[in-house]
Amino acid sequence: MSTKNKKWYKVLDNRKTLPEGRVKTVTAGHQGICLTHYKGKFSALDNACPHQGGPLGEGSIENGMLRCPWHGWDFDPCNGQSPGGHDDSIKTFEVKEEGDAIYVGLEEEAPHEETISDVMIQTMVNWGVDTVFGMVGHSNLAVADAMRRQEEKGKLQFFGIRHEGAASFAASGYAKLTGKPAACFGIAGPGATNMYTGMWDAKVDRAPMLALSGQVNTQVIGTGAFQEVDLVNAFDSVSEFNHAVHLNSNHSELMSLAVKTALIKRDVVHLTFPDEVAFTKKPENSVAQTPENRITPFNISPPKEMTQQAVDLLKASKRPVIIVGHGARFQMESIIAYAESLDCPVITTFKGKGLIADNHPLGCGVLGRSGTPIASWFMNESDLLLVFGASFSNHTGITPKKPIIQVDFDPLALSKHHKVDVALWGEISETLTLLTAQTKGNTNTTNQRKEIADRWQYWKEEKESRLKDCGSALSSIAVFNAMNKVTPDNAVIAVDVGNNTYSFGRYFEPKNQSVLMSGYLGSIGFALPAAMGAWAAEGDKRPIWSVSGDAGLGQYLAEINTIVKYNMNIKHIVLNNSELGKISKEQRAAEVDVWQTSLTNPSFAQYAENCGALGIRVEKLEDLIPAMKKLNEHNGPALLEVITDVNLI
1 MSTKNKKWYK
11 VLDNRKTLPE
21 GRVKTVTAGH
31 QGICLTHYKG
41 KFSALDNACP
51 HQGGPLGEGS
61 IENGMLRCPW
71 HGWDFDPCNG
81 QSPGGHDDSI
91 KTFEVKEEGD
101 AIYVGLEEEA
111 PHEETISDVM
121 IQTMVNWGVD
131 TVFGMVGHSN
141 LAVADAMRRQ
151 EEKGKLQFFG
161 IRHEGAASFA
171 ASGYAKLTGK
181 PAACFGIAGP
191 GATNMYTGMW
201 DAKVDRAPML
211 ALSGQVNTQV
221 IGTGAFQEVD
231 LVNAFDSVSE
241 FNHAVHLNSN
251 HSELMSLAVK
261 TALIKRDVVH
271 LTFPDEVAFT
281 KKPENSVAQT
291 PENRITPFNI
301 SPPKEMTQQA
311 VDLLKASKRP
321 VIIVGHGARF
331 QMESIIAYAE
341 SLDCPVITTF
351 KGKGLIADNH
361 PLGCGVLGRS
371 GTPIASWFMN
381 ESDLLLVFGA
391 SFSNHTGITP
401 KKPIIQVDFD
411 PLALSKHHKV
421 DVALWGEISE
431 TLTLLTAQTK
441 GNTNTTNQRK
451 EIADRWQYWK
461 EEKESRLKDC
471 GSALSSIAVF
481 NAMNKVTPDN
491 AVIAVDVGNN
501 TYSFGRYFEP
511 KNQSVLMSGY
521 LGSIGFALPA
531 AMGAWAAEGD
541 KRPIWSVSGD
551 AGLGQYLAEI
561 NTIVKYNMNI
571 KHIVLNNSEL
581 GKISKEQRAA
591 EVDVWQTSLT
601 NPSFAQYAEN
611 CGALGIRVEK
621 LEDLIPAMKK
631 LNEHNGPALL
641 EVITDVNLI
């Protein structure tokens, strides 16, 4: 080996740690080395067996020969020659000893040559996708290496999770909060399929997401190779844009179209990288693209004739009510301003909880199965419903018996479940500008503020009586009553599914908090990973809380290790009643036996402590608020376990 431009790497601090007749895997720079100690001599061989890349450093020296641990092929442990005159000898490297240390000399590495993965990840970052949740593995190493380079430049943040399902839920939570896509990332086969549930969660809630998966080498696709899954077909139903990356693809354009589709369609997109493609040097003239002049503004105005119909209905209305869904979350300032001009109630869907504060003079809480009697009362007493960004799900229960003006960016969402009187296709901000200009000073609505205050008083008295009925037992009402007093006004709160979430809908009184949930999919386990996504989006700019039942936390319990690893300042509250309480309730409602809904749980607080977070366990009502205050004041990851009565919801 030439000594020109040679660099020496220390691979062993003390020669005594590798006894005579033994071998060991070491690394010099990026080169894997099989270090051998045989007949008093240290030798360095390429660690990859020439047959299938078996790790020779995990082999052994038998009868004077280095034996590959995979297939038993023999090589000379000093010079790497194959016995019998075969031409598959192993490359060797120069070794020197200085004191007790062992060094291996290598030629200086050539500068990195950009790969297909590099140009695609650079394009992704240029389009604003700078947050990735995932797990690195053998079939996505080139893509991960491209991400590492972007992270070193400060252009990307990567969070290594413990389960790819948490990665996709985190990306979904990030998108629901910000309106921008994050990426989830997994290997071929099980790593990719683990992301499937979170991808569906994002899709049905119209949250943009980019899913990136590794794939086995193209040459073995279709042969039943290890971890081979046809990921393009597997993800076809969940992905609006869904492609494998090929050697002759227009790589930067492929990534640009993927991110553009996620943004415009507010949907899930998926790209899968066969391993050999991901490692291939990029084509000579390939450059990363940017979104400059590639995406149109979204300020679409509704058709004039439909706008006029809406204006006529608003002018004639005495008791209008505004209903807002999750799709209206970025336009609430102008919506509330318009409601104030009409002195009319503002109701939210469950997914829209918190879009207007419960203590706002026009706020009426949540409508539907997870809601309050205030919201349903004003809807039933109205003479016109003005609906922004809501989907008209059965869970919400927007009545079709009232005149309805519906505003949505998606024409397919308009009149989707039943006919509405006026369907306004347009962005909410543009539509509101038109409605405000054409109705200002021309409406004659009743001021409903006094009625709203009265209805809130009735409901607060009802909640107080329910709380007292629980006695000294810990109920979900008590938990959310405590949260009303302790949770910071500007927090992001990710909630799960189950009785705990129904109770949150009824009893938590939002001020300026943002609420994240698995809306249409209703997937258990959403809360903690979604809080991770929220923290990645907000950092320490806003407090991040999450709430789940014991079953929900159990789905992704290991992610407490993740929030500790990255010091995510997340406060998680788990209502532990040792039962799938909602399922028991449904079994009773279906008039079948309660069966297989009991749970055996660890001490979640102790588990959090074992992971390095703060863990607090509460069993008495008088300890609840002090414990929650301690949770809130702690600087770092923290979990509050509340032992609740399953019958008190």
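Per UniProt numbering, the very first residue in the sequence shown carries number 1; after that it's consecutive.
For each residue, glycine too, the CB sits at the ideal point set by N, CA and C.
Small disclaimer: the values here were computed from a predicted structure and weren't measured.
Contact between the segment 415-428 and the segment 344-353 is not established, with fewer than three Cβ pairs separated by less than 8 Å.
About 7 Å separates the Cβ atoms of I61 and T36, confirming a contact at the 8 Å cut-off.
DSSP places E276 within a helical segment (H, G or I) once states are collapsed to three. In the displayed model, K351 falls within coil according to three-state DSSP, outside both helix and strand. Taking a contact as a CB-CB distance under 8 Å, the pair G214 and F273 counts as one, their CB atoms being some 6 Å apart. The Cβ atoms of D76 and K16 lie no closer than 8 Å to each other.
Given a length threshold of 3 residues, each whole run of the beta strand (DSSP E) inside the segment 535-613 is given here in chain order: 544-549, 570-576.
Using a Cβ-Cβ distance cut-off of 8 Å, the segment 241-258 and the segment 186-203 are not in contact, since fewer than three pairs of beta carbons, one from each stretch, lie closer than that value. Per DSSP, the beta bridge partners of Y38 are K41.
Distance from the CA of S598 to the CA of N490, rounded to the nearest whole angstrom, comes to 36 Å. Note on geometry: alpha-carbon atoms of I643 and L575 lie some 6 Å from one another.
Counting along the chain, the unbroken beta strand (DSSP E) around Q406 starts and ends at 404-408. In terms of Cβ geometry, G134 and A167 form a close pair [threshold 8 Å].
Listed as beta-bridge partners of D74 by DSSP are R67.
Residue L156 holds the alpha-carbon nearest to the alpha-carbon of T123 among L156, E113, Y103, Q596. G29 and G549 have their C-alpha atoms roughly 47 Å apart. Note that the C-beta distance between T261 and F235 is not below 8 Å. If you draw a straight line from the Cα of E151 to the Cα of Q227, it comes to about 28 Å. Two segments are said to touch when three or more pairs of C-beta atoms, one from each, lie closer than 8 Å; by this definition the segment 31-50 touches the segment 75-94. When P637, G191, V311, D267 are compared, the shortest CA-CA separation from I544 is found for P637. G84 counts as exposed, since fewer than 16 other C-beta atoms from the protein chains shown sit within 10 angstroms of its C-beta. Residue pairing by DSSP places H270 opposite A211, N242 in a beta bridge. Residue environment for R542: buried (at least 16 other C-beta atoms within 10 angstroms of its C-beta).
Look at P190 here: in three-state DSSP terms it is helix. A residue is called buried once 16 or more other Cβ atoms fall within 10 Å of its Cβ, and F298, having fewer, is exposed.
With a beta-carbon spacing of about 32 Å, S415 and I493 fall beyond the 8 Å limit used to define contacts. Put simply, the backbone Cα of F185 is about 18 Å away from that of H246. With respect to P373, W459 sits close: the two C-beta atoms are nearer than 8 Å. A413 places its beta carbon 8 Å or farther from that of S393.
The count of Cβ pairs closer than 8 Å, one atom from the segment 302-309 and one from the segment 263-283, stays below three, leaving the stretches out of contact.
Just measuring C-alpha positions, the residue of T431, K468, E641, K318 sitting nearest N442 is K318. The residue among W73, G354, K630, T562 with its C-alpha nearest the C-alpha of R329 is G354.
Along the segment 95-142, the beta strand (DSSP E) occurs as fully enclosed runs of 3 or more residues at 101-107, 131-134, listed in sequence order.
DSSP lists F133, A211 as the bridge partner or partners of C184.
Annotation for K24: no alpha helix (DSSP H) segment contains it, though the beta strand (DSSP E) segment containing it runs 22-28.
Taking a contact as a CB-CB distance under 8 Å, the pair D201 and S584 does not count as one, their CB atoms being some 24 Å apart.
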